[in-house]
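Peer 1:
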Amino acid sequence: MAHLNVAEARSGFSEIVNGAAFGGRRTVISRNGKEVAAVIPIEDLHLLERLVEAEADRQDIEAARAAMTESGKNINLKDLKKELGL
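Residues 122 to 207, numbered by our numbering, are exactly what the sequence shown covers, in order.
#1: Got a sec? Which residues, its chain only, sit under 7 Å from Val157 by beta carbon, not counting five neighbours each side?
#2: Using three-state DSSP, classify Leu207 as helix, strand or coil.
#3: How is the beta strand (DSSP E) around Ile150 delimited, first residue to last?
#4: Straight-line CA distance for Ile161 to Arg186?
#5: Using 8 Å as the threshold, is the C-beta distance between Gly140 and Arg146 below it?
#6: Below 7 Å CB to CB, which residues in the same chain sit around Glu164 once its five sequence neighbours on both sides are set aside?
#7: Helix, strand or coil: which one does DSSP assign to Glu136?
#8: Using the three-state DSSP reduction, which class does Lys194 fall into: helix, strand or coil?
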């Protein structure tokens, strides 16, 4: 994986994009020594988005399961809508 500062990335931007698009290269861009961005192949981005969505789904399921074990009064959707005036 290549690491470039902003000035280097700016001067070679077309090459960086082509490297990602056609060569699968990943390039990390830094400013003042701190990593601030990356140019990655679109397939990597799509994979990352699927992983983020899967993790959010997993957290939602975990929260729902925890809520189902809570004690207290249960209310059905029809009654909840009525109570909320919907």
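By construction, the Cβ of each residue, glycine as well, lies at the ideal position given by its N, Cα and C atoms.
Peer 2: Once the coordinates are examined:
#1: In the sequence shown, residue 157 corresponds to position 36, counting from 1. Around Val157: Ile150 and Ser151.
#2: Here residue 207 refers to the residue found at position 86 when the sequence shown is read from its first residue. Residue state, collapsed to three classes: coil.
#3: Here residue 150 refers to the residue found at position 29 when the sequence shown is read from its first residue. Where Ile150 is concerned, the enclosing beta strand (DSSP E) stretches over Thr148 to Arg152.
#4: Sequence index remark: in the sequence shown, residue 161 carries index 40 (1-based). Sequence index remark: in the sequence shown, residue 186 carries index 65 (1-based). Straight-line Cα distance between these residues: approximately 36 Å.
#5: The residue labelled residue 140 in the question sits at position 19 within the sequence shown. The residue labelled residue 146 in the question sits at position 25 within the sequence shown. Closer than 8 Å, so yes.
#6: On the sequence shown, residue 164 is found 43 positions in, with the first residue counted as 1. Here the set comprises nothing.
#7: Stepping through the sequence shown from its first residue, residue 136 is reached at position 15. Note: Glu136 maps to helix in three-state DSSP.
#8: Within the sequence shown, numbered from 1, the residue matching residue 194 stands at position 73. Note: Lys194 maps to coil in three-state DSSP.
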